[in-house]
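4 is the number of the first residue of the first sequence in the working numbering; add one for each residue after it. Where a beta carbon is used, it is the ideal one built from N, C-alpha and C, also for glycine. Working notes for the structure below.
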Amino acid sequence: MFEKEQQAIEAHIQRYCIEHGLPEPGKINWAPIPFAGEWGISTSFFKLAAQEARLVKERTGQSLNVQQRAQEIAEGIANSLPELAGFTRYEAVRGYLDLFFSTAVFTQRVVDSILALGENFGRGDPKGERIMVEYAQPNTHHSFHIGHFRNAILGEALARLVEFAGFETIRASYPGDIGLGVITVVWAYQKFYLGQEPEGVHERGQWLLKIYVEATNLLTPKENETPEEKARREAFEAERREFYRRWDAGDPEVRELWLRTRRWSLDELQAILDMLDIHIDVWFFESEVDEFAKEIVEELIEKGIADDERPQGGAVIVKIDEKLGLKKEKYRTNVILRSDGTTLYLTKDLALAKIKFERYQVDRSLYVIDVRQSLHMQQTYKILELMGFPQAEKCYHLGYGFVSLPEGAMSARKGRVVLFKDVADEAIRRVLAVIAEKNPGMPESQRMDVARQVGLGALAYAMLSVDNNKDIVFDMDAALNFDGRTAPYIQNAYVRANSILRKAGGIPVQASFDYQLTPHEVQLIDLISRFPAIVQQAAQEYKPLYIASYAYELASTFHSLYHVVPVLQAESETMRDARLRLVAAARQTLRNALRLLDIQAPEVM
RNA sequence: GCCCGCGUAGCUCAGUGGAUUAGAGCAUUUGCUUGCGGAGCAAAGGGUCGCGUGUUCGAGUCGCGCCGCGGGCGCCA
Numbered sequence: 004m005f006e007k008e009q010q011a012i013e014a015h016i017q018r019y020c021i022e023h024g025l026p027e028p029g030k031i032n033w034a035p036i037p038f039a040g041e042w043g044i045s046t047s048f049f050k051l052a053a054q055e056a057r058l059v060k061e062r063t064g065q066s067l068n069v070q071q072r073a074q075e076i077a078e079g080i081a082n083s084l085p086e087l088a089g090f091t092r093y094e095a096v097r098g099y100l101d102l103f104f105s106t107a108v109f110t111q112r113v114v115d116s117i118l119a120l121g122e123n124f125g126r127g128d129p130k131g132e133r134i135m136v137e138y139a140q141p142n143t144h145h146s147f148h149i150g151h152f153r154n155a156i157l158g159e160a161l162a163r164l165v166e167f168a169g170f171e172t173i174r175a176s177y178p179g180d181i182g183l184g185v186i187t188v189v190w191a192y193q194k195f196y197l198g199q200e201p202e203g204v205h206e207r208g209q210w211l212l213k214i215y216v217e218a219t220n221l222l223t224p225k226e227n228e229t230p231e232e233k234a235r236r237e238a239f240e241a242e243r244r245e246f247y248r249r250w251d252a253g254d255p256e257v258r259e260l261w262l263r264t265r266r267w268s269l270d271e272l273q274a275i276l277d278m279l280d281i282h283i284d285v286w287f288f289e290s291e292v293d294e295f296a297k298e299i300v301e302e303l304i305e306k307g308i309a310d311d312e313r314p315q316g317g318a319v320i321v322k323i324d325e326k327l328g329l330k331k332e333k334y335r336t337n338v339i340l341r342s343d344g345t346t347l348y349l350t351k352d353l354a355l356a357k358i359k360f361e362r363y364q365v366d367r368s369l370y371v372i373d374v375r376q377s378l379h380m381q382q383t384y385k386i387l388e389l390m391g392f393p394q395a396e397k398c399y400h401l402g403y404g405f406v407s408l409p410e411g412a413m414s415a416r417k418g419r420v421v422l423f424k425d426v427a428d429e430a431i432r433r434v435l436a437v438i439a440e441k442n443p444g445m446p447e448s449q450r451m452d453v454a455r456q457v458g459l460g461a462l463a464y465a466m467l468s469v470d471n472n473k474d475i476v477f478d479m480d481a482a483l484n485f486d487g488r489t490a491p492y493i494q495n496a497y498v499r500a501n502s503i504l505r506k507a508g509g510i511p512v513q514a515s516f517d518y519q520l521t522p523h524e525v526q527l528i529d530l531i532s533r534f535p536a537i538v539q540q541a542a543q544e545y546k547p548l549y550i551a552s553y554a555y556e557l558a559s560t561f562h563s564l565y566h567v568v569p570v571l572q573a574e575s576e577t578m579r580d581a582r583l584r585l586v587a588a589a590r591q592t593l594r595n596a597l598r599l600l601d602i603q604a605p606e607v608m
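Printed below as a string of C-alpha cells:
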C-alpha cells in the first residue's frame, strides 16, 4: 500500500549505512508491527549489528554488544529520516525501527481498493503457468465416506487457492474403476442381486457398498469352516477370478454389467460433487490408461530404465536408486509389470502423468492423495525424471493424514464406515434445529438453503482447519459443534456485517477516515489489508489451512468490533459513512476467504 | 534395518530464526442483552514447547543424537 514511500525509506537506510561506515545492509525485510493500537511496518538491525561486530572483532579484537548496537542504528535512522506523506512517526525500540502509518491515508487506500475490486480482491497476477490438481479419486463400486470427503474438500480448496493466486488451473478426477474389489461387486451383483437395485442415486450407490461387504464376507476364509463351506467359498473364488478374466478379455456381458454398476457409483459421486459445488474439468479412468501403461513399460525397457526379468520368470522392474546413481537406498526398486503381464497402479500413474504433460500441457502437477502413498508418489516422480520430463520436479504430492473414527480405522468389511451423505444430512438437520430456535422468523423457503450452506460449511471447515499432514479422528459431535473456531462462527460475522449494511440501505460511495480510529477498527483494517499476501503464501505452500486460520481471525476481529464500535449509531455522519465502508470491506474479504475454502457465505442465518 | 511424519495447556490444534509474559478453540469458572442479530463479547485459571546437545546477538522454529507414537518399504491401490 505504501510501496513508493517504502522504497524511499530503503534508499535512506542504504545512504545512512554508507555515511556511517556500516556494512551494506542488503535486502531489507519489512514486517508488520505487532498490534498495539496503531500499526505500521518495521525492520530490525540485528543482522547488520552482528555483521559489524564481526568486522570490529577481526580488526580490533573488541566485542560489540549486538543488541545495543542494533538499537543505536535504529535510533540514528529514526532521527535522520525526513517526514514522509502517509507516515505519522518513526520510533526505535529494542533494535527495531518502527514506522507508523497515517491511519487516515492507509485506511482509505485499503477500503477503497477492496470495494473497487470486489470478488477479485486478493486475486494474484497471472503466473503464466498451468497447474493440474488431481483429487476426488474414490474407487467406484463403493460409497463415498468421510475420508473421501476430506480428499475432495482439500483438493477443491487447493484448486481454488492456486487458481485465485494466479495459476491457470485444471481440476482432474481419477476414479479407480477397475481392480479386484470392483470385480467382486460386479460378480456378486450378477449372481445374487441382478435387477434388485433400489431407486435413488444415493441409495443405489450405498447399496453397492453393501454388496461389496457381503461378497467379501463370502470370500473370506473363516475359522472352523466346514468342508462344505470351504468348497462353496472356493467355488465362489473361482467364479470371481473367471469374471476378472472375462472383463480383461472384453467379454460383452461382463463389460455391460461393469459399466452399468459403475454408472451408479459415478452418479452418486457426481451428486455429491454437485452438492459441494465441485466441478471437475477432466475425468481420467483407471481402466482407460491401462493400454497406454503397457506401452510405457516397453518404452522404459528400450530406454534402459527398466529391467526385464520376465525371461527368468520374474517381472519388469525399475531399480530407481541405481538408475539415479544413489549409493544409499532411498526410492528402492519398483515393479511396473507383473510377471503375468498385467500393469500396476504405479504403471498407470506414469501413463497418466505423461498424458497430463503431453496432452494437457501442464507445467505443474498436484496430487491430493493419502500420505500413506508418499513413497509411491516419490517413486513415480523419480521415474518421470528418469524418463526426461522436466515437469517432474514440479510434481507435488499433497499427502494428507487419514480420517479414522473414535472406534478405530474405517473398515467397510467391519461395518465401520461413516458415509458422507449421512453426516451431511445430520449436519443439515442440526442446523435446521438451531434456525428454528434462533431465527424462527426465517421463511420456510429459505431455511433449507441456509441449513445446507451452514451445515456443509461446518463440515468443510472441520477438515480444512487442520494441517494437511495431521490425521483426523472424526467425531460427529465435534465436527457439528457450531461454537468457537468453526464455519458458522465465520459465517455469522458475515451475516452481521450484512445485516448492518442492509439496515443502512447500502454502502456510501465515498468516505474519509480522517478521525481518531478505535483500536478495533485499526486491527480490522490491518487484517483485511493482509489478505492478498496470505493468499500468495498459502498457494506457495499449498496450505488451505492458512486461509482457514485467517478467516477465523478476521471473523473474530469483526465480532469484537461489532460489539464495541457503533456503526449505524456512530457519533457523526462522517464516521458512520466511513465505518459502513469498512464493514463492507470486511464483509467482502470474509466472503472471498470463505469462497477459497469452498464455504458459502449466507445472507442470513 | 532404512525412509517419511508427528510430539506445544486436561482435550483438539495454530505458531516466517526476531516484539514485554509462547497463542486459539473445546472443557472449567466469572461477568455482559431497555443498543447493529447472543451461532456473540469481555475476563480468569491452566505450559520444564518429548529429552539432551550444538549453531546463532537471538531457537517452539535450524543441525546432530536419543526417547515415544503413527505410517511406509518389488509383482495391493
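Residue i classed as buried or exposed, judged by whether at least 16 other C-beta atoms fall within 10 angstroms
i, result
"histidine 282", "exposed"
"lysine 441", "exposed"
"serine 448", "exposed"
"glutamine 526", "buried"
"aspartate 277", "exposed"
"asparagine 595", "buried"
"isoleucine 21", "exposed"
"aspartate 352", "buried"
"lysine 357", "buried"
"leucine 58", "exposed"
"proline 446", "exposed"
"aspartate 180", "buried"
"threonine 63", "exposed"
"glutamate 159", "buried"
"serine 66", "exposed"
"serine 377", "exposed"
"proline 491", "buried"
"lysine 385", "buried"
Identity of the residue in the options nearest residue i by Cα
i, options, result
"leucine 340", "Leu389, Arg244, Ser377 and Val300", "Val300"
"tyrosine 324", "Gly316, Arg313, Gly317 and Ala309", "Looking at the sequence provided, one finds aspartate at residue 324 rather than tyrosine. Considering only alpha carbons, the answer is Ala309."
"glutamate 217", "Pro230, Pro201, Ile386 and Tyr196", "Tyr196"
"aspartate 580", "Gln591, Phe516, Tyr555 and Leu564", "Phe516"
"lysine 297", "Arg57, Gly344, Gly316 and Glu410", "Gly344"
"methionine 466", "Ile149, Gly89 and Gly64", "Ile149"
"glycine 317", "Gly328, Thr383 and Val338", "Val338"
"isoleucine 528", "Phe109, Leu102 and Asp254", "Phe109"
"leucine 462", "Asp428, Asn495 and Val437", "Asp428"
"alanine 541", "Gly29, Ala588, Tyr464 and Asp470", "Asp470"
"proline 26", "Arg18, Trp33 and Asn32", "Arg18"
"aspartate 128", "Thr592, Ala536 and Tyr334", "Ala536"
"valine 285", "Glu294, Leu279 and Lys359", "Lys359"
"proline 569", "Ala558, Leu557, Arg582 and Thr560", "Arg582"
"alanine 514", "Ser502, Ser575, Gly460 and Ile503", "Ser575"
"valine 406", "Tyr399, Gly418 and Asp373", "Asp373"
"serine 532", "Leu378, Glu61, Leu120 and Ala95", "Leu120"
"glutamine 543", "Pro85, Leu161, Glu524 and Lys30", "Leu161"
"valine 189", "Ile156, Val420 and His145", "His145"
"proline 522", "Tyr553, Gly509 and Leu564", "Leu564"
Whole-Å CB distance - residue i paired with residue j, under 8 Å assumed
i, j, result
"lysine 424", "phenylalanine 147", "7 Å"
"asparagine 142", "valine 371", "With a Cβ gap of about 16 Å, asparagine 142 and valine 371 do not count as contacting."
"glycine 404", "lysine 473", "5 Å"
"tyrosine 363", "methionine 578", "Wrong, their Cβ atoms sit about 54 Å apart, outside the cutoff."
"leucine 221", "arginine 236", "7 Å"
"aspartate 270", "valine 204", "5 Å"
"leucine 597", "alanine 604", "5 Å"
"serine 268", "glycine 208", "6 Å"
Contact test: residue i Cβ vs the ligand ADP heavy atom, cutoff 6 Å
i, result
"leucine 564", "Because no ligand of any kind appears in the structure shown, any question about the ligand ADP cannot be addressed here."
Scan the segment 440-520 and note each continuous beta strand (DSSP E) run of 3 residues or more that stays entirely inside, going in chain order.
none
Can you give, in chain order, each stretch of the beta strand (DSSP E) that sits fully within the segment 109-164 and has at least 3 residues?
Qualifying beta strand (DSSP E) stretches, in chain order: 133-137.
Please confirm if the segment 445-456 is in contact with the segment 473-480, defined as three or more CB-CB distances below 8 Å between the two stretches.
no
Output the residue ranges of the alpha helix (DSSP H) runs that lie fully inside the segment 171-222 and measure 4 residues or longer, sorted by chain position.
183-191 and 204-222, all fully within the segment 171-222.
Can you list, in chain order, the stretches of the alpha helix (DSSP H) that have 4 or more residues and sit fully within the segment 538-597?
547-567
Could you pull out every unbroken alpha helix (DSSP H) segment of at least 4 residues lying fully inside the segment 385-449, listed in chain order?
Within the segment 385-449, the complete alpha helix (DSSP H) runs of at least 4 residues are 423-441.
Hey, is the segment 113-121 in contact with the segment 365-382, meaning 3+ C-beta pairs nearer than 8 Å?
no
Counting pairs of Cβ atoms below 8 Å between the segment 171-188 and the segment 124-139, do you hit three or more?
With the cut-off at 8 Å, the segment 171-188 and the segment 124-139 touch.
How about the segment 63-82 and the segment 98-105: do they share at least three Cβ pairs that are nearer than 8 Å?
yes
Any alpha helix (DSSP H) of 4 or more consecutive residues that is wholly inside the segment 21-88
49-63 and 69-83
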